[in-house]
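Structure, as structure tokens:
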Amino acid sequence: MTGAWQAKHTRLALILSVTAGIGLAVALTLIGLSQNVTYFYAPTDILASQEKLLKEQKHIRIGGLVERGSIKHAQDKKATITFVVTDLKENVLVRYTGITPDLFRDGQGVVAEGTLTAPGEFTATTLLAKHDEKYMPPEVAKALEKNAPEKNKDKP
Amino acid sequence: MLHYFANPSRFQKIARILWPLFGALSLILFTLGTHAALVTSPPDYQQGETVRIMYVHVPAAWWALALYTIMALAAITAFVWKHTVADLFCKAAAPVGAVLSAICLITGSIWGKPMWGAWWVWDARLTSMLILFFLYVGFIVLRNAFDDEQRGEKASQILLVVGLINIPIIKFSVDWWNTLHQGATIIKKGGPSLDPSMMPALFLMAGGVFFFCGAIILLRILTAITMKKLENTQKSQN
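Line order of the protein sequences matches chains A and B. Numbering of the first sequence is given in this note's numbering, commencing with residue 6 and proceeding in unit increments. Numbering of the second sequence is given in this note's numbering, commencing with residue 1014 and proceeding in unit increments.
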């Protein structure tokens, strides 16, 4: 009986220590990689390291909200648009040529992939729309907008 | 409780009653859930009719995560206490979990293309969910990779328990890092941000998936027990 009891505890200790060890390794790896795990950077992050980004011309992603009323169609035949991506602190102007996703609109979350081409100016090669975690029927959204237009704005 | 169900014959008796019950319940819930998802639930204010993919995508994701957690706990039980039924449960549940995570990834992809503008992105949520799918497949492969079945059992049980780390990573990936995938809707601070009119469809479908998977897993365990008994009878006859 004692032997079986001991074996049971050895197995329990073994599986717990293996799990704890690997868990620690994964946690450390993720902390180390946290900059790389991040899918996009906010305008504030981008402007903070602007000089380095301009020099290296690194391919990055910028994410934030499309500033309301900032979408402008350029006067060329390639359907180029410009708009301002904001994190409500800093703004970056984004230029993009191509088809925009259905959800791309004023006030919507957006992720653009490309390079920083001039101070505060970003040229995107890919444009993705990001939506929030709220789901409701259009009537409810309308009623909310009527009662508290500012509160119902999307957040990134 | 733990040891009560460790006896395969006793388990057999209960499971034989439970699995048809689970099957019937899943049929009822799926019928009601499909009606709610396609007819009575409203379109979304931003996504329109596309939001209905949620009623398949989210239940599959929930149970893929929950089933993995239960399997890992069963693996600990099987590893430490040599609980036969717990091991049979892991073996029976793994393909179900793999299919659930595949459904989650595929429906997510179909949903992502029209809404985000991409079938797939390597953000933390999507990548960690893909890893969950690989963990399920890895378990199935490892479980059957050894000639000595006991070694396969042990190795695959350790894989399951170690992979448990991935579950909180999936759940909190959207909070810990910037991801394209939006944050949690149901289980989060401040309560769910799903309109009450969309909840019946989601929860009916989630219930349907639960009982459907339950019925399949019970049936698979029953089959495995019968096969083992048959093998033992053949061995004793030779």
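Where a beta carbon is used, it is the ideal one built from N, C-alpha and C, also for glycine.
Rounded to whole angstroms, what is the Cα-Cα separation between residue i and residue j?
i, j, result
"A:Gly114", "A:Thr102", "18 Å"
"B:Ala1107", "B:Asp1161", "20 Å"
"B:Lys1184", "B:Thr1198", "11 Å"
"B:Asn1007", "A:Thr128", "Because chain B in this structure spans residues 1014 to 1251, residue 1007 of chain B falls outside the shown range and cannot be described."
"A:Phe45", "A:Ile65", "7 Å"
"B:Met1240", "B:Phe1225", "23 Å"
"B:Leu1232", "B:Ala1105", "9 Å"
"B:Phe1043", "B:Ser1054", "15 Å"
"B:Phe1102", "B:Gln1195", "33 Å"
"B:Val1150", "B:Asp1100", "16 Å"
"A:Thr122", "A:Asp50", "16 Å"
"A:Ser167", "A:Phe88", "Because chain A in this structure spans residues 6 to 161, residue 167 of chain A falls outside the shown range and cannot be described."
"A:Pro161", "A:Lys147", "Confidence in A:Pro161 is poor, its pLDDT being 44 and thus under 50, which makes the residue's placement too unreliable to answer from."
"B:Phe1018", "A:Leu35", "39 Å"
What is the DSSP secondary structure of residue i, counted as helix, strand or coil?
i, result
"B:Ala1214", "helix"
"A:Lys156", "Residue placement at A:Lys156 is flagged as unreliable, the pLDDT there being 48, under the threshold of 50; the coordinate-derived value follows with that caveat. Here A:Lys156 sits in coil by DSSP."
"B:His1016", "coil"
"B:Gln1025", "helix"
"A:Val23", "helix"
"B:Gly1227", "helix"
"A:Thr120", "strand"
"B:Ile1178", "coil"
"B:Ile1183", "helix"
"A:Lys139", "coil"
"A:Val115", "strand"
"A:Ile65", "strand"
"A:Ala30", "helix"
"B:Leu1207", "strand"
"A:Ser54", "coil"
"B:Thr1198", "coil"
"B:Val1134", "coil"
"B:Phe1159", "coil"
"B:Leu1091", "The amino acid at residue 1091 of chain B is misidentified as Leu; the sequence shows Ala. Three-state result, B:Ala1091: helix."
"B:Leu1193", "coil"
Looking only at its own chain, which residues have a Cβ that is under 8 Å from the Cβ of residue i, when we skip the five neighbours before and after it?
i, result
"B:Leu1235", "Gln1025, Ala1028, Arg1029, Trp1032"
Take residue i and list the residues in its own chain whose beta-carbon comes closer than 7 Å to its own, dropping the five residues that flank it on each side.
i, result
"B:Gly1165", "Leu1155, Arg1156, Asn1157, Ala1158, Phe1159"
"B:Asn1179", "Ser1141, Ile1144, Leu1145, Leu1148"
"B:Ala1131", "Gly1125"
"A:Thr91", "Pro48, Gly69, Leu70, Glu72"
"B:Cys1117", "His1070, Ala1073, Ala1074, Ala1077, Met1142"
"B:Ala1050", "Arg1065, Tyr1068, Ala1214, Met1218"
"B:Ser1122", "Trp1132, Trp1133"
"B:Pro1021", "Thr1097, Val1098, Ile1238"
Could you pull the DSSP bridge partners for residue i from this structure?
i, result
"B:Asp1057", "B:Gly1061"
"A:Tyr101", "A:Ile86, A:Ala129"
"A:Lys77", "A:Thr87"
"A:Asn96", "A:Thr91"
"A:Val71", "A:Val90"
"A:Val42", "DSSP lists no partner for A:Val42."
"A:Ala169", "Here chain A covers residues 6 to 161 and nothing more, so residue 169 of chain A does not appear."
Identify, in the order they occur along the chain, each residue of the same chain with its Cβ nearer than 6 Å to the Cβ of residue i, setting aside the five sequence neighbours on each side.
i, result
"A:Val145", "none"
"B:Ile1153", "Ala1107"
"A:Lys94", "Thr49"
"B:Pro1056", "Glu1062"
"A:Leu58", "Leu121"
Run the proximity test for residue i: is its beta-carbon closer than 7 Å to any non-hydrogen atom belonging to the ligand ADP?
i, result
"B:Trp1032", "Among the components modelled here there is no ligand, and therefore nothing to report on the ligand ADP."
Query - Cβ contact (3+ pairs, closer than 8 Å) linking the region 1202-1210 of chain B and the region 133-142 of chain A - result: Yes: at least three Cβ pairs fall under 8 Å.
Requested in this report: Say whether the region 1165-1175 of chain B touches the region 17-37 of chain A, bearing in mind that this needs 3 or more beta-carbon pairs closer than 8 Å, one atom from each stretch.
Outcome: Touching, yes, given that three or more Cβ pairs across the two stretches are closer than 8 Å.
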